[in-house]
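A.B. asks: Using our numbering, read the sequence shown as starting at 10 and increasing by one per residue.
A single structure is presented below for examination.
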Amino acid sequence: MSNDGAPQPPQTEHDDELALRALAELRNRLEVSRSTLGLSRVQLAARASLGRTTVSQALSSSAPPPSADTVVALARALRLDVNELLRLRRTAVEGVS
């Protein structure tokens with residue numbers, strides 16, 4: 010069910026593939042921006058007021074999608090478009106549940 014209680018259609022392989030691509034793109038944008046700014050993960054964590062583990066998990070391909078709050082904090086710290094990254098996260102979460 011969706012947040013409004015309406016039934017959701019079943020997930021398809023296409024939906025799962027889109028979700029995985031969105032998650033990879035989200036992490037890639039964060040990682041590229043971090044690298045471009047010359048920040049270590051520890052420096053990014055401090056700049057975003059997040060724990061080092063939270064940042065490591067947000068950027069790790071083997072971890073679940075980061076929370077919306079984490080995405081917002083990282084986007085702001087990296088001066089990225091918050092809405093675009095939240096859109097990618099939303100796509101990732103809808104198919105990677």
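No residue lacks a Cβ here, since even glycine has one placed at the ideal position from N, Cα and C.
Taking only runs that begin and end inside the segment 61-105, name each unbroken alpha helix (DSSP H) of 4 or more residues, in chain order.
C.D. replies: 61-68, 77-87 and 91-104
A.B. asks: Tell me, to the nearest whole angstrom, how far the beta carbon of alanine 28 is from that of glutamate 103; I am working on the premise that it is less than 8 Å.
C.D. replies: Here the question's residue 28 lines up with position 19 in the sequence shown. Here the question's residue 103 lines up with position 94 in the sequence shown. That pair is a contact at about 6 Å.
A.B. asks: Do alanine 31 and threonine 100 have their CB atoms nearer than 8 Å?
C.D. replies: Taking the sequence shown and counting its residues from 1, one reaches residue 31 at position 22. Taking the sequence shown and counting its residues from 1, one reaches residue 100 at position 91. Going by C-beta atoms, alanine 31 is nearer than 8 Å to threonine 100.
A.B. asks: If you compare alpha carbons, which of Asn92, Asp24, Gln52 and Ala67 is closest to arginine 36?
C.D. replies: Against the sequence shown, residue 36 aligns to sequence position 27. Looking at the Cα atoms, Ala67 is the closest of the given residues.
A.B. asks: Taking just the CA atoms, how far does leucine 39 sit from leucine 83?
C.D. replies: In the sequence shown, the residue the question calls residue 83 occupies position 74. In the sequence shown, the residue the question calls residue 39 occupies position 30. Rounded to whole angstroms, leucine 83 to leucine 39 spans 7 Å at the Cα level.
A.B. asks: Mark leucine 46 as exposed unless 16 or more other C-beta atoms lie within 10 angstroms of its C-beta, in which case mark it buried.
C.D. replies: For this step, residue 46 is matched to residue 37 along the sequence shown. Under this definition leucine 46 is an exposed residue.
A.B. asks: What first and last residue would you give for the alpha helix (DSSP H) that runs through leucine 46?
C.D. replies: Stepping through the sequence shown from its first residue, residue 46 is reached at position 37. Unbroken run through leucine 46: none, as it is neither H nor E.
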